[in-house]
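These protein sequences, in sequence, are chains D and C.
Sequence positions in the first sequence follow the UniProt record's numbering and run 1 to 358.
Sequence positions in the second sequence follow the UniProt record's numbering and run 1 to 326.
From the three backbone atoms N, C-alpha and C, an ideal C-beta is built for every residue, glycine too.
Worksheet for the structure shown next.
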Amino acid sequence: MSQAVAQYETPYVQILDENGNVTNPDLLPSLSDEQLRELMKRMVFTRIWDQRAIKLSRQGRLGFYAPVAGQEASMIGCEFATKKEDFLLPGYRDIPQCYFHGYPLHQLFLYSRGHQLGGKVPEGVNCMLPQIIIGAQIVQTPGVALAFKLRGEKRVAITFTGDGGTSQGDFYEGMNFAGAMNLPAVFFVQNNQYAISVPRELQTRAKTLAQKAVAAGIPGVQVDGMDVLAVYHVTHEAVERARAGEGPTMIEAVTFRYGPHTMSGDDPTRYRTKETQEEWERKDPLIRFRKYLESKGIWSESEEQAYIEEAKEIVNQALKQADEAEKMTVANLIDTMFAEPTQTLKRQRAEITGEGAN
Amino acid sequence: MAQMTMIQAITHALDLELARDERVLVFGEDVGNNGGVFRATEGLQKKYGADRVFDTPLAESGIIGLANGLAIQGFRPVPEIQFFGFVFEAFDQIAGQLARTRYRSGGRYTAPVTIRSPFGGGVHTPEMHADSLEGLFVQTPGIKVVIPSNPYEAKGLLLAAIRDPDPVIFLEHMKLYRSFRQEVPEDDYTIPLGVANVVREGKDATVIAYGAMVGVAQKAAEQWSKEKGFEAEVIDLRTISPIDIDTIVKSIQKTNRAIVVQEAQRSAGAAAEIVAQINEQAIYHLEAPVLRATPPDTVYPFGMIEDEWLPTPQYVVDTLNKVMTL
């Protein structure tokens, strides 16, 4: 005979169904009409930004870009639940969270183009630059969170990764450190179903990604990632729990990316069917939230049209600003390797500039 | 002044810096209550509390990631990798992350982290404990690599490393930990990073070494003097990234001959870089090619044969004799 020494449940949270009907009224967040409209505006902005970025990328006017359409509710809902003083550790697809946390859009353009200024996050913006190595930001998150804890600041570190990132050892190490040290951290996973082309079921035998939190002894929750209210709700709970000193949480947002992995040659038709794509598009985060807001009488098509024009203008302005960035030089790059260039680098700098060494 | 072993000098330096700068945090596997497997952090948790000197879960990537996150928030972490052979687990967090933090962010974020780690052969450890892996980090832009050769140097260099505004790997040769004592002043002093030290003057050949090989080179120089009447100038590099090539060139201008002694296997390491830089800057002062006294390109050997594999004073003397006759 054996007995259970520990048992766990992985909750699933949804508030709005595909048609914008409230399925879980008890969990409806207490947001004002203006805040609800703001959530919609941000999702509209994100969709417009994505369409524009894809076009620019095809024209060769953008560098590296990972499309976000389909994931708007996950991205916008979680960032909306943070405070400006909370610190974001994003992956490369998490550009919308960065932008709404204060990272200037023109710098995000520059980041995409491979300009150093792109990564120079302005003082006062609590965000790391986007991470390229999958999962590397996850082990850095406990460090940021520990800094807040040691200084007695009521701030939270929140990091983002995808389903692919949960296969990395760093994912478990980061959660485990945060759990063991009881740190104010949130691990937000956007399960968009594919690690580039490898489907979710080939990545793990675990039934959910959220249950990976169990091994670290921290709460794990799965949320409908196409439902911005549900994402806001679970993230808000996690962030405020962390802020209150009650430790970290892991969130799995179940979502889908409509576009390719990146604009660098990925063709999603090689690894997923039209039917799958259509099935997810029926769950679209903008459609359902629009229906919900319209049923409350606080959103209209004309308003959305007007906002789309506004969003396009913001993107155009940022692009213009990015175009005006000063050209980088190799000598300047040398100067940013260390606080003070080493003897070796000074010599190499002189070789490049033709100026005398030392 | 006090007589200290190198391990005592290291503990003493950490103690001084924890007292001086409240941003300094010391952590790693077993470094808290246990004081480290070599006792490098003995008594520090008791003195400074578990907020500043603490144990972590057993995960090297997690430890350096923690340091990285703390550093971008203004702390000065001094994490320990229990043995440097375990560094592969943390390679991305060091070479891919820490070393690039300043560069990637255009200086917005910095990583003043000092990674301490024991390494080095001759103490019959199991596999993956003794390897000289410093060359991997010599080839990594954005991080400095420091290897002290004695207790006095260890203290001054460690204090300089922790105060450096950029990441530093500080490697402590296990054989030097307790092999001898030396006068170490109790007050605060630093030895600048990137500046080599001429530890023995000579006119006939230059011997460039670092870490435990400095002692081997000094013994070889004495033996050579006795046997052949030649005087070798011995340079302790102290910092192998960046390399103080000016001190090396100055010595070669006098001696016209040089060898590099390195505990790591031969190819593409610090010694190779030193020879390349000598080639670029001092070739017209050389009477003979610069030779490397190093073990062969094998994995660090099994315990029963490591003493044969490691460079000895006799091997250094043989290499010096060779460089005189070329």
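Interface with chain C (8 angstroms Cβ-Cβ cutoff): Pro-142 of chain D is included.
Around the CB of Phe-302 of chain C, fewer than 16 other CB atoms lie within 10 Å, so the residue is classed as exposed. Under the criterion of beta carbons closer than 8 angstroms, Arg-52 of chain C and Leu-25 of chain C qualify as touching, at roughly 5 angstroms.
By alpha-carbon distance to Glu-340 of chain D, the top candidate from C:Phe-38, C:Ile-252 and C:Lys-144 is C:Lys-144. Per DSSP, Pro-90 of chain D has no beta bridge partner at all. Note on geometry: alpha-carbon atoms of Glu-79 of chain D and Cys-98 of chain D lie some 8 angstroms from one another. Look at Ala-195 of chain D here: in three-state DSSP terms it is strand. Residues of chain D with a Cβ closer than 9 angstroms to the Cβ of Ile-283 of chain C do not exist, since the nearest Cβ in that chain sits about 16 angstroms away. Excluding the 5 residues flanking it on each side, Pro-260 of chain D has same chain C-beta neighbours closer than 7 angstroms at Pro-67, Asp-266, Asp-267 and Pro-268, in chain order. In the DSSP assignment, Pro-184 of chain D is bridged to no other residue. Following the DSSP letters along the chain, one finds Ala-232 of chain C inside the beta strand (DSSP E) bounded by residues 232 to 236.
Of all residues in the segment 39 to 55 of chain C, those with a C-beta nearer than 7 angstroms to a C-beta of chain D are Asp-51, reading in chain order.
By the CB criterion at 8 angstroms, Gln-265 of chain C and Thr-294 of chain C fall inside the cutoff. DSSP links Glu-183 of chain C through a beta bridge to C:Gln-3.
Under the 8 angstroms criterion on CB atoms, Phe-80 of chain D is classed as non-interfacial with respect to chain C. In its chain, beyond the 5 residues on either side, Thr-5, Met-6, Ile-7, Phe-38 and Pro-118 have a beta carbon closer than 8 angstroms to the beta carbon of Tyr-177 of chain C. Counting only runs that start and end inside the segment 135 to 167 of chain D, the alpha helix (DSSP H) elements of at least 4 residues fall at 136 to 151.
With a minimum length of 4 residues, the unbroken runs of alpha helix (DSSP H) contained wholly in the segment 125 to 196 of chain C fall at 134 to 138 and 151 to 163.
Per the DSSP secondary-structure output, Cys-127 of chain D pairs in a beta bridge with D:Leu-88. Val-139 of chain D sits away from Ala-157 of chain D, with the two beta carbons spaced by 8 angstroms or more.
Here the alpha carbon of Thr-82 of chain D sits roughly 11 angstroms from the alpha carbon of Ala-242 of chain D. Under the Cβ distance rule, Ile-196 of chain D does not count among the residues neighbouring chain C, no pair being separated by less than 8 angstroms.
From the listed residues C:Gln-281, C:Ala-258, C:Gln-277 and C:Leu-310, the smallest Cα separation to Ala-212 of chain C is found for C:Leu-310. One Cα belongs to Lys-254 of chain C, the other to Val-234 of chain C, and the distance between them is close to 13 angstroms. A straight-line Cα-Cα distance of about 10 angstroms links Asp-335 of chain D and Thr-342 of chain D.
Going by DSSP, Met-324 of chain C is part of the alpha helix (DSSP H) stretching over 313 to 325. Selection D:Leu-293, D:Lys-320, D:Leu-345 and D:Ala-306 evaluated against Ser-32 of chain D yields D:Leu-293 as nearest (Cα-Cα).
Every unbroken stretch of the alpha helix (DSSP H) spanning 4 or more residues and falling wholly within the segment 249 to 314 of chain D is given here in chain order: 274 to 281 and 285 to 295.
Taking 8 angstroms as the cut-off between beta carbons, the residues of the segment 105 to 137 of chain C near chain D are Ser-105, Gly-106, Gly-107, Arg-108, Tyr-109 and Thr-110, in sequence order. Boundaries of the beta strand (DSSP E) around Gln-222 of chain D: 220 to 224.
Look at Val-231 of chain D here: in three-state DSSP terms it is helix. Counting along the chain, the unbroken beta strand (DSSP E) around Phe-119 of chain C starts and ends at 114 to 119. Ranked by Cα distance from Phe-91 of chain C, the options C:Glu-127, C:Leu-133, C:Gly-122 and C:Phe-54 are led by C:Leu-133. Contact between Lys-283 of chain D and Met-226 of chain D is confirmed by a C-beta separation of about 4 angstroms, below the 8 angstroms threshold. Contact between Gln-203 of chain D and Gly-162 of chain D does not hold, since their C-beta atoms are separated by about 10 angstroms, which reaches or exceeds 8 angstroms.
Neighbours of Met-250 of chain D in chain C, taken as residues at a C-beta separation under 7 angstroms, are lacking, since the least C-beta distance is about 16 angstroms.
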